[in-house]
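Sequences listed follow chains A and B, in order.
So for the first sequence, our numbering puts the first residue at 735; every next one is plus one.
So for the second sequence, our numbering puts the first residue at 209; every next one is plus one.
Following: one structure in structure tokens, then a few remarks.
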Amino acid sequence: MIVEIGHYALALALGVSVIQAVVPFWGVFRQDRTLASVGSSAALVSFGLVALSFAALVTSYVRSDFSVANVVANSHSAQPLIYKFTSVWGNHEGSMLLWVLILTLFGALVALSRRSLPPRLRAGALAAQGLVAAAFLAFTLLTSNPFQRLVPVPAEGQDLNPILQDLGLAIHPPLLYVGYVGFSITYAFAVAALIDGRIDAMWARAVRPWTLLAWTFLTLGIAMGSYWAYYELGWGGWWFWDPVENASFMPWLAGTALIHSTVVMEKRDALKVWTILLAILTFSLSLLGTFIVRSGVLTSVHSFATDPARGLFILFILIFFVGGSLALFAWRAPLLRQGGLFAPVSRESALVVNNVFLATACATVFVGTLYPLLLEMITGDKISVGAPFYNATFVPVMVPLLLLLPIGQSLAWKRGDLLGAGQRNAFAFGLAVLAALALLFFMRGGPVMAPLAVGLGVFLVLGAGFDLGERIVARASGWRAMLSRARGLPRSAWGTALAHAGIGLSIIGIAAQAWSSEAIAVLKPGERLTSGRYTIVLEGMSPRTGPNFRAEVARFQLFAGERELAPVEASKRVYTARAMPTTEAGIRTDGLSQAYVSLGEAQDSGVAVRLYDKPLILLIWIGSLVMALGGGLSLTDRRFRLAAPKRAAPAAAVQPAE
Amino acid sequence: MRRIVLIIALMLPAMPVAQAVQPDEILPNPALEQRARAISGGLRCLVCQNQSIDDSDAPLARDLRILVRERLVAGDDDKAVVDFVVARYGDFVLLRPPFNAHTVLLWGTPFAILLCAVAFLWRRARERTAEASASTPLSPEEQARLAALIEPDDKP
């Protein structure tokens, strides 16, 4: 019964979303306020219904109701409760339901937000959002119904893919989806603005918190996915330029550009047309990502759905929303008035440069991901595009952007002083160069590019810190004045500095991997293996039985030089229901570095063991967390919380004096 | 299509549990082994999804790793080894696609986009300065007319 209620609620939600999509448009057209405001109630009802539906599916999973085909295919009665719960979205149908849940949640949040929006804008945005929700609800109901019953009812489920039986599944997809789907709001606002034919700083202020929210969650989602892959897949890789990773990375790059261009629009009323286009493109890339993951056109570790009917349906959704919005853009964008002139050297220009590089980087990933597919369709030739391609194209695009970042950050609005900005960053730059030189000297004979990359990271961290420091110290006398100044700085200034420093930290972590080392050997109990700074001694192997798996566990003593660290365990598991093996790496954190032990096949009387020394690797993810923290801090800025305050003090006022 | 789905499904279990290079494959000569690792990192495991043979535990990847090492031991230089593998399996095996007529767009797009953007911005900036300078001076007649428009009101 619960299952049928869930199914019915989902169907009702589709109907309500159609109302949400159609009636407000009609209301705006007829100038009828009552009709135009239907969108808000519809968005709330639609969210309530999808939430009910989602709760029904969760209940079926938690109760191991094997009369539901989806539960049978992805769950097992012996699973720990947490995995029964997360299995809900560990498959195509359930994850679609999660996707739609978050989509309607965002619609409901827009309906509830008390920010005073122009009513036409709110109505238009809710309608556009309703249209997106309706399309995906129809997709879920027609091609991916998670509530399908199964007769006869099997006694036991087929278990979830063991790789997904991990805490990562509880965290990674929800974060990622909030990011992906969050950009639907900026898309909806862009469409509404185009229909309205009017756009101003008010629009930018309305859209910015949503963009920041989506970006923050997408950052966390990608970082979490990367760490999950790192510890679960057992060879210590953390980014593979896999099509599906790229699918989440493209909206991130476009979204990063969007955050920056909306700032220009909010503060200076410029870059309007570009910002609208970027808002459309960002969500289009989210949709493209959905298509890539769910159609199976590009097979990868992540794609669980490879049904042509689904692929075709999503392709149709993709073409409708991307094509429709771009057509709307081509038709209406010329009506938008450009404003806000600025000098070639100014904060605005710096942000334009930021957008140019980010857009290029995004295009690079886009081409690299889809080119093999297109080439094969057109010529039949098969090529592969892997990490070496991106290293040769993506990295050269990002390096100049990051080098210019601290300088652009300290330029003033309207008309900046390049020399002054250079001078302000000279100290940070000098320290960064010193750091790079010192590394080159102490790590003689090692990699050459890595110390330079570390230098770049140091420059970003120091640049962000000094910029903030100067704003606090400048013209303030005594620590009391400085403290009040620090408190007076807008949260968004702190957020910006943190996000930029976070990139620097991540880059240091990435660069440090050039000094990682790997050792492989067959070990018998008592034998040792050394890699980089770490040595392990195999103590012994023992079998262990988990709730739904059997494991062979190897225990190691671990030494960093002479110092003994806590012992580490690595294991190989076989999940009984699917007879599928996984490796569970043994990871010991040592400061910011990690020793990573992974088991191979048992050979003769020993076992193949691989030991990695991963120096400073945690910085990669700590940097991402700091970035996300910056995004979150900016979100709490006063401007975003209060209902339409008077024009916020322009940041130029708190810039250091020229 | 069903069959392809089935094949992919069958391949799945073998794929992600990577145990790549096995101890018995490692060459005794560390310099050669290092070259072998570097070469394997750029060769795609043909039955996997976007993994190099250095990362993959598929049997075919193992065969290729051993092949690469055999060629190195036989005295081939790095390029000869890669050419040998490409001759057998085609460009598909290269994770860094070669630059040729079919991949011009792939390699060129990033730089073309950057160039276009810079050209566009430069043109816009020039237009703006042209507009700005065009609007400054008033011709003598215009000044006279302006004066005429302002004057009458001032005289009581």
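Yeah, the Cβ is synthetic: ideal placement off N, Cα and C, and Gly gets one too.
For clarity, every value in this text was computed on a predicted model and none was experimentally measured.
Report the option in the options whose CA atom is closest to the CA atom of residue i.
i: A/Arg854; options: A/Leu778, A/Arg1178, A/Val757, A/Pro814; result: A/Val757
i: B/Ala293; options: B/Ile321, B/Ala244, B/Gln257, B/Phe328; result: Sequence check: residue 293 of chain B is Val here, not Ala. Minimum Cα distance to B/Val293 is reached at B/Ala244.
i: A/Gly1238; options: A/Gly1334, A/Leu1138, A/Leu1153, A/Arg1278; result: A/Leu1138
i: B/Val290; options: B/Glu233, B/Gly250, B/Leu240; result: B/Gly250
i: A/Pro886; options: A/Ser829, A/Ala803, A/Ala1172, A/Phe1200; result: A/Ala803
i: A/Leu1263; options: A/Gly1243, A/Gln1247, A/Phe1293; result: A/Phe1293
i: A/Gly971; options: A/Gly1260, A/Lys1006, A/Ile1244; result: A/Ile1244
i: A/Thr878; options: A/Leu831, A/Leu1052, A/Arg1284, A/Phe763; result: Checking the displayed sequence, the identity of residue 878 of chain A turns out to be Ser instead of Thr. Minimum Cα distance to A/Ser878 is reached at A/Leu831.
i: A/Gln765; options: A/Ala857, A/Gly828, A/Phe840; result: A/Ala857
i: A/Glu1273; options: A/Ser794, A/Gly824, A/Gln1291; result: A/Gln1291
i: A/Ala988; options: A/Ser1020, A/Leu1104, A/Thr793; result: A/Ser1020
i: A/Leu1333; options: A/Gly1102, A/Phe1091, A/Glu1318, A/Ser1250; result: A/Glu1318
i: A/Gln1084; options: A/Arg1071, A/Gly1120, A/Pro1134, A/Gln1157; result: Residue identity check: residue 1084 of chain A is Ala in the sequence provided, not Gln. Nearest option by C-alpha distance: A/Pro1134.
i: A/Arg1365; options: A/Ala1311, A/Thr1230, A/Ile1254, A/Val1343; result: The question names Arg, yet the displayed sequence has Gly at residue 1365 of chain A. Nearest C-alpha to A/Gly1365: A/Thr1230.
i: A/Gly955; options: A/Thr820, A/His826, A/Arg1307, A/Leu1359; result: A/Leu1359
i: A/Ala1184; options: A/Pro1281, A/Leu1152, A/Thr1127, A/Ile1242; result: A/Ile1242
i: B/Leu151; options: B/Thr337, B/Glu233, B/Glu350; result: Only positions 209 to 364 of chain B appear in the structure, and residue 151 of chain B is not among them; the question remains open.
i: A/Ser775; options: A/Gln863, A/Gly761, A/Gln754; result: A/Gln754
i: A/Asp1338; options: A/Gly1280, A/Ala1255, A/Ala1311, A/Ala745; result: A/Ala1255
i: A/Pro977; options: A/Ala938, A/Pro1106, A/Leu783, A/Ser1226; result: A/Pro1106
Nearest-angstrom Cα distance between residue i and residue j?
i: A/Leu1363; j: A/Tyr914; result: 18 Å
i: B/Arg270; j: B/Trp315; result: 30 Å
i: A/Ala1155; j: A/Gly1189; result: 19 Å
i: A/Pro985; j: A/Phe1017; result: 7 Å
i: A/Val1388; j: A/Asn1088; result: The predicted position of A/Val1388 is uncertain, since its pLDDT is 39 and thus under 50; a value taken from the coordinates is nonetheless stated next. Rounded to whole angstroms, A/Val1388 to A/Asn1088 spans 22 Å at the Cα level.
i: B/Arg296; j: A/Ser1118; result: 15 Å
i: A/Val1035; j: A/Val1271; result: In this prediction, A/Val1035 has a pLDDT of 46, which is less than 50 and means its spatial position is unreliable; what the coordinates show is noted afterwards. For A/Val1035 and A/Val1271, the distance between alpha carbons rounds to 33 Å.
i: B/Glu335; j: B/Phe328; result: 11 Å
i: A/Ala889; j: A/Leu901; result: 27 Å
i: A/Phe1076; j: A/Arg1372; result: 26 Å
i: A/Tyr921; j: A/Thr1098; result: 22 Å
i: B/Gln230; j: A/Leu967; result: 16 Å
i: A/Gly1114; j: A/Leu1011; result: 34 Å
i: A/Pro1068; j: A/Asp934; result: 15 Å
i: A/Asn1125; j: A/Ser1144; result: 29 Å
i: A/Val1192; j: A/Ile905; result: 30 Å
i: B/Asp286; j: A/Trp944; result: 51 Å
i: A/Ala981; j: A/Pro1140; result: 28 Å
i: A/Ser751; j: A/Gly1357; result: 39 Å
i: A/Lys818; j: B/Val312; result: 49 Å
i: A/Leu843; j: B/Leu254; result: 47 Å
i: A/Ile1053; j: A/Arg1267; result: 53 Å
i: B/Ser366; j: A/Leu1196; result: Here chain B comprises residues numbered 209 to 364, so residue 366 of chain B is not present and cannot be evaluated.
i: A/Ala1313; j: A/Leu791; result: 26 Å
i: B/Leu303; j: A/Ser1240; result: 25 Å
Residue i versus chain B: which residues are under 9 Å apart at the beta carbon?
i: A/Ile836; result: Under the 9 Å cutoff, chain B gives no residues; its nearest Cβ is about 27 Å from A/Ile836.
i: A/Tyr1105; result: Pro305, Thr311, Leu313, Leu314, Thr317
i: A/Ala1126; result: Arg304, Trp315
i: A/Leu1019; result: Under the 9 Å cutoff, chain B gives no residues; its nearest Cβ is about 15 Å from A/Leu1019.
i: A/Phe1123; result: Leu303, Arg304, Pro305, Leu314, Trp315
By the criterion of Cβ-Cβ separation under 7 Å, what are the contact partners of residue i in chain A?
i: B/Arg252; result: Ser1118, Gly1120
i: B/Phe300; result: Lys1116, Ile1117, Ser1118
i: B/Ala333; result: Pro1078
i: B/Ala338; result: The premise fails here: B/Ala338 is roughly 13 Å from chain A at the closest Cβ pair, so nothing lies under 7 Å.
Listing by chain order, which chain B residues have their CB less than 8 Å from the CB of residue i?
i: A/Thr1264; result: What A/Thr1264 touches in chain B: nothing, since even the nearest Cβ is about 14 Å away.
i: A/Asp976; result: Gln257, Asn258
Counting only Cβ pairs nearer than 8 Å, list the residues of chain A close to residue i.
i: B/Ile234; result: Ile1254
i: B/Leu329; result: Val1086, Val1090
Sequence ranges, beta strand (DSSP E) only - wholly within the stretch 1311 to 1387 of chain A, length at least 3:
1314 to 1318, 1320 to 1324, 1327 to 1337, 1340 to 1348
At least three beta-carbon pairs within less than 8 Å, the stretch 857 to 875 of chain A to the stretch 791 to 800 of chain A
no
Stretch pair the stretch 870 to 884 of chain A + the stretch 922 to 934 of chain A: three plus CB contacts closer than 8 Å:
no
As an exercise, report each continuous beta strand (DSSP E) stretch of at least 3 residues that is fully enclosed by the stretch 1246 to 1303 of chain A, in chain order.
Qualifying beta strand (DSSP E) stretches, in chain order: 1251 to 1257, 1262 to 1265, 1268 to 1279, 1283 to 1294.
Complete alpha helix (DSSP H) runs within the stretch 819 to 897 of chain A (minimum length 4 residues, chain order)
As far as the stretch 819 to 897 of chain A is concerned, its whole alpha helix (DSSP H) runs of at least 4 residues are 826 to 846, 853 to 877.
Counting beta carbon pairs with one atom in the stretch 1074 to 1084 of chain A and one in the stretch 995 to 1006 of chain A, are three or more of them shorter than 8 Å?
yes
Segment contact flag, the stretch 904 to 913 of chain A with the stretch 1283 to 1303 of chain A, C-beta cutoff 8 Å, min 3 pairs:
no
Which runs of the alpha helix (DSSP H), 4 residues or longer, sit entirely within the stretch 1152 to 1221 of chain A?
1152 to 1176, 1183 to 1207
For the structure I just gave you, are there three or more beta carbon pairs, one from the stretch 1347 to 1357 of chain A and one from the stretch 1321 to 1338 of chain A, closer than 8 Å?
yes
Would you check if there are 3 or more beta carbon pairs closer than 8 Å linking the stretch 1278 to 1285 of chain A to the stretch 1248 to 1264 of chain A?
no
Which ranges would you report for the beta strand (DSSP E) in the stretch 898 to 972 of chain A if only whole runs of at least 3 residues count?
none
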